[in-house]
Every structure is written in C-alpha cells, then in structure tokens.
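Q: Residue numbers (the UniProt record's numbering): 1 to 809.
C-beta atoms are modelled at their ideal positions from N, C-alpha and C, and glycine is treated no differently.
Being a predicted model, the structure only gives us computed values, none of them experimental.
Handing you this structure, nothing more for now.
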C-alpha cells in the first residue's frame, strides 16, 4: 500500500455530452471534458475562450464611478494640480502604482507616488501620509489597490482639502468611505460584467478610460499583479495575462527583462508560473524587508543599467527573505513540537508566536506550517517593547478564519480577512486565550477528514488516452492559474514497469507506467524517496498534470506526478543482498527521513539451534517515539505492553534475514496487523550455507562415508573437505552429526581442543523419524526453501497468504 497525500475529488461529466461537445467544437474529447469541468458547455463559449482577444475586453465606462474619476483626473491635469498616486507594497500594489505612473507620464501630469512602509506604517492610507501629501501641495490622491475601507482616512483627506479617487478591487465594507468617487467592480451598485479584476486590473481600466484606447503596451504590468494576487484567470484576466506573456518574450520593459534574467526565465517559453514563482516573489521581497520603492523603480526604469541594479537588489532581498523564513519556520516548528508533546497531538488550530519574528514574512511562515501540518495556522511576531503582536493566519476548507476570529473579537485590537487568510493585532497576554478560543471553535467544526487536503481532479483517463496531440490541445487552455488551473488527471491501475531517481542526490522520481500495451513516463520532483515505497510491478493510481517532455529534439508525453496511491500491500524483494544488516539500517534511515513522525525499532535474535541461521532485524515507523532499540531475543516479556501500544502505528516492516521459524513469523504478523509495506532483505544464502531436505539417500550416502572414516574431529581442515565430498553445507554437516547422535549411530568426546566423533560399530536399528534433530531439519529446510527458492511473484503470494492466515484473515 501507499496512501496518497490528499483526497482526490474527481469531477463528474456525461460521456455522451463530452463526445457531443467535442464534435460540435471540433476539439478532442479530453479537452471537451476539461471545458465541461470549467463550466463551459457550448461550442460558442469554447470558441470565445480559445480565441479571446483584446477586442473582447469590456468598456471601462461600464464600471460605476469611472466617468467621474476620469473627469476629475483630467481636470487636475488641465489645471496642473499635484496628483499623488497612493499604492500598496505587494506585487499587485507595486504593479498598479507603476502602471499609473506610466499613465500620468503619458498624460504629462504633475504627479508623484507614495507607498507606505509595511513595518512602520502598515497597510493603506494613513493620516501622516496624508499630511505629507498636503505639505507637498497635492490636491488629488488616486489610490490603486487600496482605499475601499479607509473611512477615517478619506474623511481626513477631505478636511485637508484633498480629493480622493479610490480605485480598488477588495471587498467593500458595509460603510463606504466618502471619497470623491469610488471605482471598484465589487461595489454592490456596480454593473460591471467582470468582478475578478486585480487592483492593477482596475488601474488598467482607468488608464484605458483616460487614454480613450486600450493601452496594450501596459498589459505586462497588469499581468504581474493579476497573477501575483491570485486573481481568477478567466474573462478579462485571461486576455490580460495571455497577451502579456506573448509581449514579455520580447518585452520593451528594462525592468521585466532584468527580472527574467535574474530569475533564469527563458523568455521564449515564459508562463504564468514564472510570474507567480519567480517574478512576483522578488517584487514582494522589497515591501516585506525594506521599502517597495525599489520594486517600483525596477518596473519604471528607463534603461537596462538601472533595471539590472534594481533586479539584483530585489534578488538579494528575496534570498534574505528566504533565509529569514527558513529560520522562523524552524523556530516555529520547534515550538509546535513542544505543543504536540504536551498536548499529545497536533492541535486543531496552530497558534505560534515569538519575539523577533519579522512581520513582513509571517504570512509565508503560516503557509508553510499549514502545508506541512494541514491545520489552520496563526503566526505572530511580538514587539518586545510593548507586547503587541502582529500576525497572519492561513486556513483550510471547512474553517472560516474571519468567522472564528469574530467569535473571539474581544481579544483583538484589530483583525480582518476572509475564510482562507487573515491578519490581526492583539496583546501577548491574550495569546493563550486566543489559542483556547480558536481550538474550541475548531473542535466543533472540524473532524479528521478535514485534516486531509482535497485535490480537485478534472478527468480520469487511460495511459493510451494521452498522445502528444491530446496534450498539445490541452495547452490551449493556458495561461493557468486561479480559476483556470492546469488540468489534473488520474490514471488508475497502471503497472509500474520501471522506477529510478534523478538529480545529483536522487531527489526526483521517474516511473514508467504501463497499461494495455501503452506506456507513459511519470515524473515527480522532490519525491525521490518514494522510490523506496513503490515495489516493482506495483499497480498504482497516479494523479498529475499532462505535459510534453522535449529532449534532444524529441517530444514525448509525460505526466508531472503530484500524488500516487497503491491500494495493495507491497512486498519488496531484496533477497540475495550482501551486508544485510547494514542495508536494513540504511533503508530505515531513508524511510525515516521522508516521514518526519517516524522512528525505527530494531530487534535482533541470537543464533540458537537450527532455526537461527543468522540474526534478523525488524524496523518500523511510529508516530510519537524517537528511535528505539530493544535488545535481546524475540520472546521478551517486559516490553510486550510497549510493543502492543505501538503496533497499530506500524506501517513499514524491514525483515533482515529469515525469521527463524513459522511460529515466530506468525507472532510478528499478529503483533503488526496494519503493516502495508514489507521489505525482505536476505543474503544470497545463510551463514554456514543452506539447509536442504535431508532425504534418506543423502543420509545413507553420508553414513557410508562416516563408517569408512570410523573416527574424525571438528577441525576445519577436516570438516570442509568432508562437507564438499558429501555435497553438504557446514550447517547441514553439523546437523547430520546431531541426528546420528540422536540415533546412537555415533558418539562424541569433548576436549578443550576439539570434539572427536566415533562411529558405533553395531548400532541398533531405528528410523530417522525418531530423531528430533532430523524432524527439525525437515521443517527448517522446507521453511528456508520458501524464503530462498521462490520467484518474486510466487514469494509475495506465499508470504501474504501466511501473513493473513496468522492474523485469521
């Protein structure tokens, strides 16, 4: 078995309707299914989606307040009034500010811009900044990506004689600010047909209205904020990003070219993913650790030299940000592990706080903690001087942060957000009560199922369903992002014909999947350790995104694997291995590294009698305890209760060497009812050689040879040639002597130097079965034959049959 990391929710579609839509729209069935999952169910809609162009963008004057906003800005330009662009410090705010700067430059306005400092001023308009605008002679402020909730600040600006044109995209509060005009498609009275614009998207519409034409030259700026702020890539956003990506491949912006160089982005193949994971983090780093002005300077740079300097500074800040995040994450996880130990489990809601945590990055830290533990997570930085905490929270489906925070609103000085993300300030004295209140709320709303991530799957398909032509058609859905995710498919019951790791440290995994004579490569980045949990020829369900692998001029389909499920128990045949114990310990360490809540229990048995040809080792994973070693034989007494308490946690078992008997094997099976993966590590043959069936002919031939010798001793120089002549292993020869002693066929004399055997000239007639050692030999040889002689498939079938029989299944 191999459990997936998430629950797969497969979309349901009518196969008949899929075929009909594919025919009507002249597209593949797979692409038609993807459109149906996205709610696009007629050929005309599909045509518009696939052929979207700028002429399909909406008239900016459909947005409420646009006409008044344009009129007031034009009036200010005509009267040479000082206009201040007021933005935000994230990538959406920076790109909005930059786009409005280009607009004002183009219109030859008298303007400047202002972005507050995250740590010193916080988000949005503030009175000190408004005083600064007044002192600078500003009579008009145009906000971008902010302002819709600034009731007091807008009123204060009005007192100062400054008009405020608010352009924003955030959810409007019940009470709206008394600005000169509000431009926001989400206003309840706004009939604009698309509500999903980013802050920069709204700024782009204002620029469109001011210029009287669609400013395609600024699409790249609009795309950065749209992707970075996780806006749905549908309708106008899709057009903005799609057209911008084409322009970026030959960008006229020195700053965007510098960002692509510093991020190692191949300009001819730039995607929305490059914006999200390379460009946006560097832009955001400026506002997180310093001032966002550096990012604005980058995007508005007129020459390559200035742009390169800004890009290098942003890259430095981003690397510093990564180190800071890494350090805080380590501290946060250590703090959480202490909570887990005290509370005997991961809390329903994780609340972590400490002095010295940079408030500019705690949202990222919260996301990383959530990603690992999949619990709603609050991370707060504490000001040591006044005890005030500033925090960010991230949540999972089923737990509404804003609703939960409202239930304990009295604890906060300020809070805000929505279901999935929130921010807050409160005093450190209230942290304990906050944690108690949040967990009480979560226990009433969440169950164990909520703590497993859900992944929405677009379609199930077969290995044979995904030739290059099909995958290339799926590419027509791009650009991918929020609201238009990259298509995910599930391929079920495929056979893993080959597996290998890739990368210098084997950190990546590549599988070859086979079904119905078709094959498909599946690649999983940073999942190389899974190779130890996937047996050869295992039947697997895999989830991932279809793509085209281009290498040395060849193109072939591949699946970028995101998750895998193996429903059957797996047996890993590692027989004929040298250094078995060392191999077992090495394997245990690898398995443990990939499972942070695991440990290994190692048990060895002393050699004793015919059953123990060599020690064997049992390793398993446990959720809570650290690495444990229990010395001594299998049949211990003091630790029975300990092992019984842990047995339900055991999922992986490494058997190093053959269990000494069927009884010991059955005891192991009974004690470990939930094992899913078993690794059998055996040497090519046991120490001292194999035990084969004694057989009457072998015994008679050996007896004749010993009668000829009459007397002999146990010196190796004598025994080894004798074993060779009799075609017996060393173990078999010693057993043979024991059998003949049982039957009084030979006698032995012990001395300090050696053991001497003599043949009995006139032994009594007796049957071999009267020797207990002979019977032991028969049983042991049959047991060893199962472990050493069966081919892999037969061995696995026999093994699981014995395992289930022992458990009464």
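Report the rounded CA-to-CA distance for residue 501 versus residue 273, giving the unit in angstroms.
A: By one-based count along the chain shown, residue 501 stands at place 501. By one-based count along the chain shown, residue 273 stands at place 273. If I take the Cα positions, the gap works out to 25 Å.
Q: Less than 6 Å between C-beta atoms, sequence neighbours within five positions excluded: which residues of the same chain meet that for residue 443?
A: Working through the chain shown from its first residue, we reach residue 443 at position 443. Excluding residues within five positions, the ones whose Cβ falls inside 6 Å are 348.
Q: What's the C-alpha gap between residue 157 and residue 421?
A: As a position in the chain shown, residue 157 is number 157, starting the count at 1. As a position in the chain shown, residue 421 is number 421, starting the count at 1. Looking at the two C-alpha atoms, the distance is approximately 30 Å.
Q: Please list the terminal residues of the continuous alpha helix (DSSP H) segment that includes residue 427.
A: The sequence position of residue 427 within the chain shown is 427, counting from 1. Element bounds for residue 427: not the alpha helix (DSSP H) but the beta strand (DSSP E), 421-427.
Q: Do you know offhand how far residue 613's Cα is from residue 686's?
A: The residue you call residue 613 lines up with position 613 of the chain shown. The residue you call residue 686 lines up with position 686 of the chain shown. The pLDDT assigned to residue 613 is 37, lower than 50, so where the model puts this residue is not dependable; a value taken from the coordinates is nonetheless given after this. Going by the C-alpha atoms only, they are around 6 Å apart.
Q: What's the gap between the Cα of residue 214 and the Cα of residue 495?
A: Within the chain shown, residue 214 is the residue found at index 214, counting from 1. Within the chain shown, residue 495 is the residue found at index 495, counting from 1. C-alpha separation (whole angstroms): 53 Å.
Q: Nearest to residue 317 by CA position, among 205, 523, 291, 218, is which residue?
A: In the chain shown, the residue the question calls residue 317 occupies position 317. Out of 205, 523, 291, 218, 291 has the C-alpha closest to the C-alpha of residue 317.
Q: Answer with yes or no whether the minimum CB distance from residue 322 to chain B is below 8 Å.
A: Among the chains in the structure shown there is no chain B, since it carries only a single protein chain.
Q: Under 8 Å Cβ to Cβ from residue 325, same chain only, skipping five residues before and after it: list those, please.
A: Counted from its first residue, the chain shown places residue 325 at position 325. Here the set comprises 361, 364, 365, 368.
Q: Can you tell me where the alpha helix (DSSP H) holding residue 463 begins and where it ends?
A: By 1-based counting over the chain shown, the position of residue 463 is 463. It is not in any alpha helix (DSSP H) - residue 463 carries neither H nor E in the DSSP assignment.
Q: Does the stretch 236-243 come within contact of the stretch 478-487, defined as at least 3 CB pairs closer than 8 Å?
A: Contact holds: three or more Cβ-Cβ distances are below 8 Å.
Q: Go ahead and pull the three-state DSSP assignment for residue 716.
A: For this step, residue 716 is matched to residue 716 along the chain shown. DSSP places residue 716 in helix when its eight states are reduced to three.
Q: Per DSSP, residue 456 is paired with what?
A: Walking along the chain shown from the start, residue 456 turns up at place 456. The partner list for residue 456 (beta bridge, DSSP) reads 9.
Q: So if DSSP puts residue 253 in a beta bridge, which residue, or which two residues, is it bridged to?
A: What you label residue 253 is simply residue 253 of the chain shown in a count that begins at 1. Paired residues: none, contrary to the question.
Q: What does a CB cutoff of less than 6 Å around residue 631 pick up in its chain, not counting 5 residues either side in sequence?
A: Position 631 of the chain shown, counted from the first residue, corresponds to residue 631. Confidence at residue 631 is low in this model, with a pLDDT of 29, below 50, so its placement is unreliable and the value that follows should be read with caution. Excluding sequence neighbours, residue 631 sits near nothing in its chain.
Q: Is the number of C-beta pairs between the stretch 88-104 and the stretch 149-166 that are closer than 8 Å three or more?
A: Verdict: no, contact absent.
Q: Would a C-beta distance cut-off of 8 Å place residue 680 and residue 525 closer than the cut-off?
A: Taking the first residue of the chain shown as position 1, residue 680 is located at position 680. Taking the first residue of the chain shown as position 1, residue 525 is located at position 525. Going by C-beta atoms, residue 680 is not nearer than 8 Å to residue 525.
Q: Distance, Cα to Cα, residue 538 vs residue 202?
A: As a first step, residue 538 is located in the chain shown; it is residue number 538 there, counting from the start. As a first step, residue 202 is located in the chain shown; it is residue number 202 there, counting from the start. Their Cα atoms are separated by approximately 52 Å.
Q: Is it buried or exposed for residue 73, if we count other Cβ within 10 angstroms and need 16 for buried?
A: Translated into the one-based positions of the chain shown, residue 73 becomes position 73. So residue 73 ends up on the buried side.
Q: State the Cα-Cα distance for the pair residue 309 and residue 119, rounded to the nearest angstrom.
A: For this step, residue 309 is matched to residue 309 along the chain shown. For this step, residue 119 is matched to residue 119 along the chain shown. If I take the Cα positions, the gap works out to 24 Å.
Q: Less than 8 Å between C-beta atoms, sequence neighbours within five positions excluded: which residues of the same chain meet that for residue 381?
A: Here residue 381 refers to the residue found at position 381 of the chain shown. 353, 354, 355, 356, 357, 358, 359, 362, 389, 390, 391, listed in sequence order.
Q: If distances are taken between C-alpha atoms only, which option among 11, 461, 462, 350 comes closest to residue 451?
A: Reading the chain shown from its first residue, position 451 is the one you call residue 451. Of the candidates 11, 461, 462, 350, the one whose C-alpha sits nearest the C-alpha of residue 451 is 350.
Q: Please determine, among 90, 116, 85, the residue with the shortest C-alpha to C-alpha distance to residue 105.
A: In the chain shown, the residue the question calls residue 105 occupies position 105. For residue 105, the nearest C-alpha among the options comes from 85.
Q: Do you know offhand how far residue 10's Cα is from residue 413's?
A: For the purposes of this step, residue 10 is identified with residue 10 of the chain shown, where counting begins at 1. For the purposes of this step, residue 413 is identified with residue 413 of the chain shown, where counting begins at 1. When rounded, the distance between both Cα atoms is 43 Å.
Q: Got a sec, what are the start and stop residues for the alpha helix (DSSP H) residue 45 sits in?
A: Residue 45 sits at position 45 when you count from the first residue of the chain shown. Taken as a continuous stretch (DSSP letters only), the alpha helix (DSSP H) holding residue 45 covers 43-50.
Q: If you reduce the DSSP assignment to three classes, tell me which class residue 524 lands in.
A: Walking along the chain shown from the start, residue 524 turns up at place 524. Strand at residue 524.
Q: Is residue 493 helix, strand or coil when you go by DSSP?
A: The residue labelled residue 493 in the question sits at position 493 within the chain shown. Correct three-state label for residue 493: strand.
Q: Do the CB positions of residue 248 and residue 198 come within less than 8 Å of each other?
A: Walking along the chain shown from the start, residue 248 turns up at place 248. Walking along the chain shown from the start, residue 198 turns up at place 198. Result no, Cβ atoms of residue 248 and residue 198 do not sit closer than 8 Å.
Q: Which ranges does the beta strand (DSSP E) cover as unbroken runs of at least 3 residues, wholly within the stretch 367-426, from first to last along the chain?
A: Fully enclosed beta strand (DSSP E) runs of 3 or longer: 377-382, 388-394, 414-417.
Q: Could you give the distance in angstroms between the alpha-carbon of residue 799 and the alpha-carbon of residue 532?
A: Mapped onto the chain shown, residue 799 falls at position 799. Mapped onto the chain shown, residue 532 falls at position 532. The straight-line gap from Cα to Cα measures roughly 19 Å.
Q: What residues in its chain sit with their C-beta under 6 Å from that of residue 577, if we drop five residues either side in the sequence?
A: As a position in the chain shown, residue 577 is number 577, starting the count at 1. Around residue 577: 583, 681.
Q: Of the residues 6, 131, 569, 409, which one's Cα is nearest the Cα of residue 678?
A: Taking the first residue of the chain shown as 1, we reach residue 678 at position 678. Answer by Cα proximity: 569.
Q: Within the same chain, show all residues whose beta-carbon is closer than 7 Å to that of residue 286, passing over the 5 residues directly before and after it, in chain order.
A: Within the chain shown, the letter at position 286 stands for residue 286. Closer than 7 Å at the Cβ level, and outside the excluded window around residue 286, lie 292, 294, 295, 314, 317.
Q: Going by DSSP in three states, residue 83 sits in which element: helix, strand or coil?
A: Taking the chain shown and counting its residues from 1, one reaches residue 83 at position 83. Correct three-state label for residue 83: strand.
Q: According to the neighbour-count rule (16 or more other Cβ atoms, all chains shown, within 10 Å of its Cβ), is residue 718 buried or exposed?
A: To locate residue 718, count along the chain shown from 1; it is residue 718. It is exposed - the Cβ of residue 718 has fewer than 16 other Cβ atoms within 10 Å.
Q: Using only the alpha-carbon positions, how far apart do residue 165 and residue 136 sit?
A: In the chain shown, the residue the question calls residue 165 occupies position 165. In the chain shown, the residue the question calls residue 136 occupies position 136. So the alpha carbons of these two residues sit roughly 18 Å apart.
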